[in-house]
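Worksheet for the structure shown next.
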Amino acid sequence: MGSVTTGIVSAVSRDVEIDGKKMNLIQTDTAINPGNSGGPLINARGEVIGINTAKLSGNGIEGIGFSIPINDVSSKLENLVKQKITLGITVQNVTKEMAEKYNVPVGVYITNVANFSIAQKGGLQPGDVIIKFDGKKVETVEELNKIKDSHKDGDTIPIEFVRNGQNMTANLKIE
81 MGSVTTGIVS AVSRDVEIDG KKMNLIQTDT AINPGNSGGP LINARGEVIG
131 INTAKLSGNG IEGIGFSIPI NDVSSKLENL VKQKITLGIT VQNVTKEMAE
181 KYNVPVGVYI TNVANFSIAQ KGGLQPGDVI IKFDGKKVET VEELNKIKDS
231 HKDGDTIPIE FVRNGQNMTA NLKIE
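Whatever position you read off the sequence shown (first residue = 1), add 80 for my numbering.
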């Protein structure tokens, strides 16, 4: 069962140090306990104004709670809510220097492929070097992620990669 507590916001911009990190928080006398830390701090209009985070306790101190202002976390929450496509690969950049040293193309080197992942279903293997994704040249993990993040469930993305010196292609079905 959930619980609801009431309280008063006593400061909206309080500098507090938690675990060595300075934070700007909302101070409230609302009870914050392990069970409701991470829950919303709601104003009288029913709007979420913060995320309950910490409780100050000690000799002579009781009932001082702190919440992260919602404006500080709203963009992070939006990213959590958005479904990001996961290919199921662990990768690293192949720089020009690495490409010359190991006789592989510049691109994105696959170090691991997760079982039952989109990448495994598409036939990708550890050791493959991705050189094109959705028809676009890829030289860095950042470039790969940018293209990947522009897609959605249901899309089929062509991928070009090199395996043992051979250029290969596959289609990754986003599910």
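C-beta: ideal position from N, C-alpha, C; glycine also.
- With a threshold of 16 other beta carbon atoms within 10 Å, K164 falls short and is exposed.
- Straight-line spacing of the CA atoms in I112 and K217 works out to 51 angstroms.
- The alpha-carbon separation between N132 and E240 amounts to approximately 47 angstroms.
- In this structure, G168 sits near V193, with a CB-CB distance shorter than 8 angstroms.
- Apart from the 5 residues on each side of it in sequence, V96 sits with its Cβ closer than 6 angstroms to the Cβ of M103, L105 and F146 in its chain, given in chain order.
- At the C-beta level, K253 and T236 come within 8 angstroms of one another.
- For L157, the secondary structure class from DSSP, reduced to helix, strand or coil, is helix.
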